[in-house]
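One structure is given below, encoded as C-alpha cells.
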Amino acid sequence: MKHRLTVAQAVVRFLANQFTERDGIRQRAVAGFLGIFGHGNVAGIGQALLQAQRTGSPEMSYLLARNEQAMVHTAVGYARMRNRLSTLACTASIGPGSTNMLTGAALATVNRIPVLLLPSDVFATRVAVPVLQELEDPRSGDVSVNDAFRPLSRFFDRVWRPEQLPAALLGAMRVLTDPVETGAVTVCLPQDLQTEAYDYPDELFAERIWHVTRPAPDPLAVERAAAVIRGARRPLIVAGGGVIYSEATAQLDRFARETGIPVADTQAGKGALSWDHPNAVGGVGATGSPVANRLAGHADVVLGIGTRYSDFTTASRTAFRHPQVRFVNLNVASFDAGKLSALPLVADARAGLAALRPALHGRRFTGDFHDDVAAWNATVDRAYRGSKSNHLPTQAEVIGVVNDACGARDVVVQAAGSLPGDLQRLFRARDPKQYHVEYGYSCMGFEIAGALGIKLADPAREVYALVGDGSYLMMAQELVTAIAEGVKLIVVLVQNHGFASIGALSEQVGSQRFGTSYRFKSAQTGDYDGALLPVDLAANAESLGAAVIRCRTAADLAEGLKRAREADRLTVLHIETDPLAGGPGSESWWDVPVAEVATLHSTRHARTGYLEGKRDQRHHLRPGG
99 MKHRLTVAQA
109 VVRFLANQFT
119 ERDGIRQRAV
129 AGFLGIFGHG
139 NVAGIGQALL
149 QAQRTGSPEM
159 SYLLARNEQA
169 MVHTAVGYAR
179 MRNRLSTLAC
189 TASIGPGSTN
199 MLTGAALATV
209 NRIPVLLLPS
219 DVFATRVAVP
229 VLQELEDPRS
239 GDVSVNDAFR
249 PLSRFFDRVW
259 RPEQLPAALL
269 GAMRVLTDPV
279 ETGAVTVCLP
289 QDLQTEAYDY
299 PDELFAERIW
309 HVTRPAPDPL
319 AVERAAAVIR
329 GARRPLIVAG
339 GGVIYSEATA
349 QLDRFARETG
359 IPVADTQAGK
369 GALSWDHPNA
379 VGGVGATGSP
389 VANRLAGHAD
399 VVLGIGTRYS
409 DFTTASRTAF
419 RHPQVRFVNL
429 NVASFDAGKL
439 SALPLVADAR
449 AGLAALRPAL
459 HGRRFTGDFH
469 DDVAAWNATV
479 DRAYRGSKSN
489 HLPTQAEVIG
499 VVNDACGARD
509 VVVQAAGSLP
519 GDLQRLFRAR
529 DPKQYHVEYG
539 YSCMGFEIAG
549 ALGIKLADPA
559 REVYALVGDG
569 SYLMMAQELV
579 TAIAEGVKLI
589 VVLVQNHGFA
599 SIGALSEQVG
609 SQRFGTSYRF
619 KSAQTGDYDG
629 ALLPVDLAAN
639 AESLGAAVIR
649 CRTAADLAEG
659 LKRAREADRL
669 TVLHIETDPL
679 AGGPGSESWW
689 DVPVAEVATL
699 HSTRHARTGY
709 LEGKRDQRHH
719 LRPGG
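Counted the way the working numbering counts, the sequence shown spans residues 99 to 723.
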C-alpha cells in the first residue's frame, strides 16, 4: 500500500513513528517540532504540522520559537536532559532563517548532542532563480547558504527529489540515535519540494525502534586497563558527560568507593557524584577546584570516563604534570578514547565500569585528600557569605543563594561569561541532572533557550537560568516563547554592566579591560569608560511578559527566589553584582596567547607571565599501555 503525501507531510509522519529504546525503556526519538515559519516552509512543513494537529494523525507537537538559533539551543537542552535518547526537530525558512541555526548546529556537534535541523532551501526546479534570499554562486548552480551546515553537522543531506527522502530520513535517524556519531543532523528541504506529492510506501511509516545499545569492552582491553590502574600509586578519575548520558552514576559511585580513587569532574560531568561524596574532589582544570588540580598534578594514572578532554579540562595540557603520567580512557567513541596517547577502553561508560571493577581484584588506594576537600568546602562557605566591604553582592554570593534555594532535583542552567567558572568551583550539585552548563561551545544566549528545553523535557523540576547581562542582551527572546507556552522558569539576571569574564581575561593578557564595559564612550580617551548606560533589563523582561523581582542584596534574592518557587509563572530576578569582586581561584592556567611584541607595559608584563605558563604544557605522548 502507498500513501500519496507531500514531502513535508511524509517527513512529519515518518518522524512521529521513530522511537529509541535502551534498557527496555522506549521513548519518542523526535518528540516534537520547534519552528519559525517563512515563505520557505510555511506551505510545506507548516501545512504538514497544521494538518497533523487538526487531524491528530500523526501526533506531533509544535512550539513557536522566536529566534532560530535559540530554538536549536532549546532542542539541545531537551536532548541533554533526556540523555541523548530523545530530541526535537527544528524547522526554519530559507536564507537567514536557516543560517541563524548555524551557531546552534555547531554547539550541538561540539557537545555531542543530537538535534534534527530541517532548513528550507532554494527551489529544486530552479525555474525562478534567483529566488528571494538565494545566494548565487557563479561557479556552481547547486550551492546554497545551507552548505555552511556541512562542516557543522554529523550528517548532512539535501533532498532534491521526493524519492530521495527515505534514504535521507533513515540516514538522519541512524546518526541521531548513535551515541558515537551524534550531533547536529541536517536535512535540507527545498521549498518547492516540500509541497510536491509522491506515492510513499507504507513501510516507510511503520513504527521503527532504534535500539541504543551498551557496547561492552573487549576483555583483553579491560585486563590491560586494569593492569595499568593496579600499578598506580596516585590515580585520579576524571568523570565527563558520558557518565551521565550513559546513566553510569551508580556504577561510578560503587567503583570509587571500592577502589578509593578520588573523582574529579568536567563541566559536563558535574553531578556524576554528589558534591559531598567521600571521593568527590570537585572540577578539574582551568575552572576546577584547587583540590582536584593538585591531585591532577601528582596523578600517575588518570582514568578518564566519558570525557573529550577539552582544554579547560586539561588546563591547556598543564593539569597533569607527573613525568610518567599515563591515561586510560573509557569512552564509547574511539576518537575520544585515544586522546592524550591513552590506553583506550572503548565501551559504554556503565558497561565499562561494570567490567573494570572486578578486574581490579579488590585493589584499593588510600588517599590524603579529605582534609584538603574539607578546607576547600570551608572556603566555598566563606565565598557564599560574601565580603562586608563590598557595596554590591558578589557573584559568589548569588551562586550561594541559588544553591541554597535549589532542591535536590532542581536544575541550574548556564553557558558563558564568568559564571561557568564560578559555578564549577562553587555550586554543589546533588543530582546528575542538576547542573547544566553548556561549556563545549560556551555560547552566549544559550541560558534561557536551553532552560526552556530542559523544562519541556522534565516539567516536574524547577529550572533556574543564570544569565549575565551580556548573554541576556544577546538572546532573551525565548522568554516570550516560554510565557506563551505556559512554561515556568526562574531566571536570575546578573547585571554587572559588561563582560565580566572577558574583562578579567583582558586584564590578564595586558589589554586593560578594553572594550568590555557597557558604558558611554569617553570623548577624551575613546574608550568605554564613561557613565553607565541607562539600560533597564528588568523593565525589558517585564515588557516581554515576565514577572520581575528587583533585588538589591543577597537577602533580597533569597526572598525573591522563595516567591519565584511558589509562583506558577515565569519569574525574572534582577540583581546587580560587583564585576571586580572575584571568587576563589582554581590554581590553574588557560592558554590564551599574549601579543609577542607591544609598546604597552601591561601587555609586556602579561607576556612574561604567559611564557611561564607555557613552560608547563605537555604533549602527553607517552603510551598509556
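Just so you know, even glycine gets a beta-carbon here, dropped at the ideal spot from N, CA and C. These numbers were taken from a predicted model, which means no experiment stands behind them.
(message) Out of E166, Q149 and R164, which one is the CA nearest neighbour of M158?
(response) Q149
(message) Which same chain residues end up closer than 7 Å to A549 when comparing Cβ atoms and leaving out the 5 residues on each side of it in sequence?
(response) G175, V511, V561, A563 and L587
(request) Report yes if the CB atom of I647 is closer than 8 Å to the CB atom of L668, and no otherwise. (result) no
(message) Going by DSSP in three states, D654 sits in which element: helix, strand or coil?
(response) helix
(message) Would E321 and A457 qualify as a contact pair, given that the criterion is a beta-carbon distance under 8 Å?
(response) yes
(message) Applying the 10 Å Cβ sphere with the 16-neighbour rule, what's the burial state of P691?
(response) exposed
(message) Looking at chain D, is there any beta carbon in it that lies within less than 8 Å of the beta carbon of A440?
(response) In the displayed structure, chain D is absent; only one protein chain is listed.
(request) Consult DSSP for E640 and reduce its assignment to one of helix, strand or coil. (result) helix
(request) For the beta strand (DSSP E) containing V589, list its first residue and its last residue. (result) I588 to Q593
(request) Can you say whether Q116 is buried or exposed, counting buried as having 16 or more other CB atoms within 10 angstroms of its CB? (result) buried
(request) Determine the direct distance from the alpha carbon of D689 to that of G381, and round the result to whole angstroms. (result) 18 Å
(request) Count the other C-beta atoms from every protein chain shown that fall within 10 angstroms of the C-beta of D276, then say buried if there are 16 or more, exposed otherwise. (result) buried
(message) Once the 5 residues before and after E232 are set aside, which same chain residues still bring their CB inside 6 Å of it?
(response) V220
(request) Write down the C-beta distance between S196 and N165 rounded to the nearest angstrom, noting that I regard them as a contact closer than 8 Å. (result) Contact flag wrong, Cβ pair sits at about 13 Å.
(request) Find out if the Cβ-Cβ distance for the pair Q292, G386 is shorter than 8 Å. (result) no
(request) Could you tell me the distance, in whole angstroms, from the CA atom of E536 to the CA atom of G404? (result) 16 Å
(message) Buried or exposed for I307, going by 16 or more other Cβ atoms inside 10 Å?
(response) exposed
(request) Express the C-alpha separation of K553 and R152 in angstroms, rounding to a whole number. (result) 26 Å
(request) Could you pull out every residue in the same chain whose Cβ sits closer than 7 Å to the Cβ of A222, ignoring the five residues on either side in sequence? (result) W258, P288, D290 and L291
(request) Measure the alpha-carbon distance for D297 versus Q107 and round it to whole angstroms. (result) 12 Å
(message) If we require 4 or more residues per run, which alpha helix (DSSP H) segments fall completely within the stretch 220–282?
(response) 263–274
(request) Output the boundary residues of the beta strand (DSSP E) element that contains V511. (result) V509 to Q512
(request) Please confirm whether G601 and R611 have their CB atoms less than 8 Å apart. (result) yes
(request) Tell me, please, whether the stretch 482–500 touches the stretch 355–373 by the rule of three or more beta-carbon pairs shorter than 8 Å. (result) no
(message) Which residue marks the beginning of the alpha helix (DSSP H) containing N475, and which one marks its end?
(response) H468 to R483
(request) In the DSSP assignment, find the alpha helix (DSSP H) that holds A129 and state where it starts and stops. (result) That residue, A129, is in no alpha helix (DSSP H); its beta strand (DSSP E) goes V128 to G133.
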